[in-house]
Every structure is written in structure tokens, then in C-alpha cells.
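Residue numbers (the UniProt record's numbering): 1 to 343.
Comments concern the structure below.
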């Protein structure tokens, strides 16, 4: 684990807030009877990311030896707790652990649980000058050394472009960059203080307001406005445009934003999409599907919206069981020296 003294530039209030929230995730796991470990990982650019691990499930506590490793990485507006928010029989993190997997749950730079840096404070603009490019399709198509380590990629409601997205939140991204910064600032959007989170939990627990809360819950994760300039009106998956050729050269080694080529990704990919998803719109999904060269499985669930993939009550039998089947099939194929995937 990374030495915690590395966070010398983090304020005491922020330090206490993050420590308590990290404990909350562990408490949720322990409360359900599962073993849990916490780690902090330092990235090459100095960010310190929080990671939780469920090394084994309840049904295999006495089983010794190594287990296949699964990394669950949340989406743009989420965090690691998304995978353990429901009861164990409805949470993917617990279900995978019980199926015999070694489950790791990551947090992205700048989200509520990964707001630390070796030298920077969240009050500095430089802290927020990272690119959202180290996950999924972008990472595997631009970093072949990473892609070689991945046996299979499971994309749940993937968002590569948002040209056709119907979500009200994405409409703000059509505004000029200066106006977006004027409205929401240059750093984090909708940062959640501890008081704010507790207030929202109480408010959304009231019967009259629970339906309203269910419609706006995606906005509570927070996101960095710098990271949303990937594909709003152009429909292309591309890097952030820093506004000048000089700055683009400094950050991306070319005068114009790099266009990411999903076709360069060779990782075997299984994908699940929803017909009522306002963020991962079917038209954007169609564009993405045409770019994925090693697609081994795709399932569209017509009535599913974006949050159904992590919180849907029918997710275990409509999707999670299929994920486990493909993972175990892959393990069998590797042991037998074959390569196939069927459902």
C-alpha cells in the first residue's frame, strides 16, 4: 500500500472526509460478511487512487489457491460503491466473489474517493488537468502493453460518443466552452461534501421525492468539465481540445485533438446496451459497434436505462449470469488451449 504520508498537501477536512468514506465502502462489504482489503495506488502522474478488494466470496471461504482476477471500473459519473450498493444477491461485486473470482473495485482520478495527489491539491487547476483516457476502449486502443494483460473486456452501457444522447445533462455540453466554465467552473462539477451527501440521502428517502431523485441520481456522481469534450456534436471519440495548437502540442504532441481509433483495440469484448438509455443512446452504440473489431458478444435489453446495469433488480439473471458464464468459459478455454465464446 502507498505510504499515506504522501498526502501532505491534502487538507485535514478533506483527509478525514476521504478516510471515512473509504471506511464506509469497507464497512458495507464487512457488514455483508465478506472479507475486504483497501489499497491506495499511485499513478505515474502522481494521483493516488483508492481501491477496494473482495478476495473471496462467502461460498468459497475455505477454498485455497489463486482465483481469476476481475477489475470493476465504474463509469464517468460513478464510484466503486456502485458495485456493492444492493444486497449481495443483486450486487455484481458480491456475485463475482461468490462465483470464485478475486474482485477489485477501482476509483477514477478526481472522483469522490480519489482526490489525492503526491504534490497537488484539489484547489489547484493542475490537479484537474488530467484526461479521461485510461479506461476501456481508449486505454486498450492506445496502450497495447496494457491491452495484452486483459483476457476479456465487459462493456456495460458503454459511452464512447454522446452525439445522440438524450440526457438533459449532456445538453449543457453543447454550450460554448467559455459558457460552460462560467456556469460550472474549471474544476469539478457538483462536488459532494459530506453534508450534501447526507442531506440528499435523507431527502430522497421521503416517499414523495423518491421518484424525482431516481431521475436525477446520475448527476450526483460529479464530473470534471475538462473531460467531457470528447464527442458531443462531432460524434467522434477524440481527446480534449485545449483551445490552441500550442497547448494541444504540449499536452498531446499534435496541433489538433487526437482521434482515438477503437478499431486498434484487439481485446475480446462483450457488450450490453439498453434501449432506454439516455446517455448511451442506441445511435451512438451503433457507431461504437461498427468500430469494435473483436466483438465476441452483444446483447441489447430494450427496456433498460443507464442505471439498470448496476442497480436493476433483474440484472443478475439478465446480464450478470452471462458475464460469469463468459469468464468461466474463457478460463476453461485457456486451460484447454482453445479460443471460443458462446452463450
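Beta carbons are placed, not taken as given, at the ideal position from N, Cα and C, and that holds for glycine.
So, helix, strand or coil for residue i, using DSSP?
i, result
"residue 300", "strand"
"residue 50", "strand"
"residue 249", "helix"
"residue 313", "coil"
"residue 260", "coil"
"residue 59", "helix"
"residue 351", "In the structure as shown, the chain begins at 1 and stops at 343. Residue 351 is therefore absent and cannot be evaluated."
"residue 136", "helix"
"residue 117", "strand"
"residue 217", "Caution is warranted here: a pLDDT of 47 is assigned to residue 217, below 50, making its placement in the model unreliable, and the coordinate value is therefore given only provisionally. Residue 217: helix per DSSP, three-state reduction."
"residue 278", "coil"
"residue 83", "helix"
"residue 42", "strand"
"residue 229", "Note that residue 229 scores 42 on pLDDT, short of 50, meaning its location in the model is unreliable; the coordinates nonetheless yield the value given after this. It is coil, neither helix nor strand."
"residue 208", "A caution first: residue 208 carries a pLDDT of 49, below 50, which makes its placement in the model unreliable, though a value can still be read off. DSSP places residue 208 in coil when its eight states are reduced to three."
"residue 112", "coil"
"residue 71", "strand"
"residue 273", "strand"
"residue 103", "strand"
"residue 34", "coil"
"residue 155", "strand"
"residue 295", "strand"
Would you call the CB atoms of residue i and residue j closer than 9 Å?
i, j, result
"residue 39", "residue 137", "no"
"residue 150", "residue 81", "no"
"residue 262", "residue 291", "yes"
"residue 101", "residue 32", "no"
"residue 319", "residue 299", "yes"
"residue 92", "residue 310", "yes"
"residue 116", "residue 34", "no"
"residue 275", "residue 303", "yes"
"residue 331", "residue 68", "yes"
"residue 140", "residue 147", "yes"
"residue 76", "residue 83", "no"
"residue 109", "residue 58", "no"
Under 8 Å by Cβ, that's how I've got residue i and residue j pegged, so tell me the actual separation to the nearest angstrom.
i, j, result
"residue 127", "residue 120", "4 Å"
"residue 79", "residue 113", "6 Å"
"residue 273", "residue 285", "5 Å"
"residue 277", "residue 305", "6 Å"
"residue 157", "residue 237", "About 16 Å separates the two Cβ atoms, so there is no contact after all."
"residue 257", "residue 249", "At roughly 11 Å, the Cβ-Cβ gap does not stay under 8 Å, so residue 257 and residue 249 are not in contact."
"residue 97", "residue 56", "6 Å"
For residue i, I'd like the list of residues in its chain whose CB is within less than 8 Å of its CB, leaving aside the five on either flank, ordered along the chain.
i, result
"residue 51", "38, 39, 40, 41, 80, 104, 105, 106 and 107"
"residue 89", "95 and 316"
"residue 280", "157, 158, 159, 165, 273, 274 and 306"
"residue 63", "56 and 100"
"residue 145", "none"
Could you name the residues of the same chain whose beta carbon sits closer than 7 Å to that of residue i, not counting the 5 residues immediately before and after it, in chain order?
i, result
"residue 296", "268, 269, 270 and 341"
"residue 308", "274 and 315"
"residue 30", "36"
"residue 26", "36, 38 and 52"
"residue 85", "91 and 311"
"residue 313", "90"
"residue 65", "none"
In chain order, what residues of the same chain have a beta carbon less than 6 Å from the beta carbon of residue i, not counting five sequence neighbours either side?
i, result
"residue 70", "96, 101 and 103"
"residue 152", "268 and 330"
"residue 124", "none"
"residue 293", "263"
"residue 251", "242"
"residue 214", "A caution first: residue 214 carries a pLDDT of 49, below 50, which makes its placement in the model too unreliable to give a value."
"residue 239", "252, 257 and 258"
"residue 111", "79"
"residue 122", "115"
"residue 87", "none"
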